[in-house]
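Count along the sequence shown from 1, then add 37; that gives the number in this note's numbering.
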Amino acid sequence: MPSSVSPAPRTVLVTGATSGIGWETARLLAGRGDTVILHAPDQASGDQARARLVAAGANASQLRLVVADFARLDEVRAMAARIADQHPVLDVLVNNAALAAPERRTMTTDGNELSLQVNFLAAYLLTHELAGPLSARPGSRVVNVSSSMHRTASISWNDPHRAKRYSRLAAYAQSQLALTIFAREQAPWTSVSVHPGVCDTGLLPLYAHEGDSAVQGAERVVRLCDPATELVPGAYYDRTALSPAAPVALEDRTVRRLCKLADQLVAAK
């Protein structure tokens with residue numbers, strides 16, 4: 038007979054939780070009884086997202102708000118330090134924050150191409166900075182919300198910021214490939230990446246004119262957060278199915294090379 042015992046509440050951090058799949062993921066996890074740490078790029082959008090979650094039925098006492106602009110790596114570090122101080126145990130990290138690469142190549146104050154930093158480097162840095170809380174209890178998970186577009190990408194090793202040849206689609210796809218490769222880094226926790234489907238969010242124009250709802254995308258993310266779902270470490274999931282990632286993402290040497298590059302790019306200037 039199926040167990041009627043509810044899963045034990047956990048502490049989960051969702052980045053990019055102010056809208057779209059991130060907000061719906063936070064809502065679903067809060068509905069499970071988890072303590073959900075909501076990441077917002079600024080205080081105003083964070084307060085609004087939290088109020089909307091409460092209005093949707095979330096228990097306000099289970100919600101925590103943290104703020105960091107991922108276009109500034111010093112803010113990512115500061116946010117991670119606050120989380121580690123207040124939450125010594127972190128059961129799940131959902132690296133969901135993402136933006137579409139702009140039409141014109143844009144550099145951050147850290148010296149990185151904008152979509153590479155916000156979509157990948159910030160997630161890489163945050164995950165490493167939270168190694169203590171993520172290692173505190175067995176069974177912790179990191180879920181990287183990636184994209185099927187990673188299959189069209191390549192890492193421009195000698196020009197990761199694409200100064201010589203920039204296109205917004207190539208820059209965005211590169212960031213998603215990097216995020217997918219990163220899920221294969223060896224760690225004390227289980228990491229996976231997932232394409233949640235083409236969904237009706239702010240990124241939809243990169244893909245199509247219509248898509249699944251953000252709720253459907255979030256359900257696919259939350260499934261991978263559930264301890265009852267057995268994960269293959271380092272695997273890539275296309276919606277709910279285990280799927281082969283791009284061949285380059287399966288090469289151990291590529292994982293090592295990417296992590297070395299990321300270490301250089303996130304190093305405090």
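Glycine residues also receive a C-beta, built at the ideal position from the N, C-alpha and C atoms.
* Inspect the CB distances between the region 79-86 and the region 272-290 and report whether three or more fall short of 8 Å. => no
* Every unbroken beta strand (DSSP E) within the region 176-211, with a cutoff of 3 residues, ordered by chain -> List check, beta strand (DSSP E) in window: 178-182.
* Test: residue 227 CB closer than 9 Å to a CB of chain B -> Considering every chain present, this structure includes no chain B. It has just one protein chain.
* Among residues of its own chain, excluding the 5 on either side of residue 225, which ones have a beta-carbon nearer than 6 Å to its beta-carbon? -> 172.
* Assign residue 265 to one of two classes, buried (16 or more other C-beta atoms within 10 Å of its C-beta) or exposed (fewer than that). => exposed
* By Cβ distance below 6 Å, which residues in the same chain neighbour residue 276 in space, the five residues on each side in sequence not counted? -> Setting aside the 5 residues that flank it on each side, residue 276 is surrounded in the same chain by 234 and 257, each with a C-beta closer than 6 Å to its C-beta; the list follows chain order.
* By Cβ distance below 8 Å, which residues in the same chain neighbour residue 126 in space, the five residues on each side in sequence not counted? -> 48, 170, 173 and 174
* Identify the continuous alpha helix (DSSP H) that holds residue 124 and give its terminal residues. => Unbroken run through residue 124: none, as it is neither H nor E.
* Apart from the five residues just before and just after residue 67, which ones in its own chain have a Cβ nearer than 6 Å to its Cβ? -> 73, 95 and 99
* Would you identify the three-state DSSP class for residue 150, choosing helix, strand or coil? => strand
* How big is the Cα-Cα spacing for residue 140 and residue 210? -> 14 Å
* To do: For the region 101-109 and the region 151-161, state whether three or more C-beta atom pairs, one from each stretch, are separated by less than 8 Å.
  => A contact exists between the region 101-109 and the region 151-161.
* **Alpha carbon of residue 272 to alpha carbon of residue 227, nearest angstrom** => 10 Å
* Asked: Which stretch, first to last residue, makes up the beta strand (DSSP E) that contains residue 275?
  -> 273-275
* Asked: Hey, how far is the Cα of residue 179 from the Cα of residue 222?
  -> 11 Å
* To do: Measure the CB-CB distance between residue 150 and residue 138 and report whether it falls below 9 Å.
  => yes
* Do residue 102 and residue 136 come within 9 Å of each other at the CB atom, strictly closer than that value? -> No. Outside cutoff.
* Between the C-alpha atoms of residue 286 and residue 202, what's the straight-line distance to the nearest angstrom? -> 22 Å
* Asked: Is residue 50 closer than 9 Å to residue 167 when the C-beta atoms are compared?
  -> yes
* **Limits of the unbroken beta strand (DSSP E) element including residue 48** => 48-51
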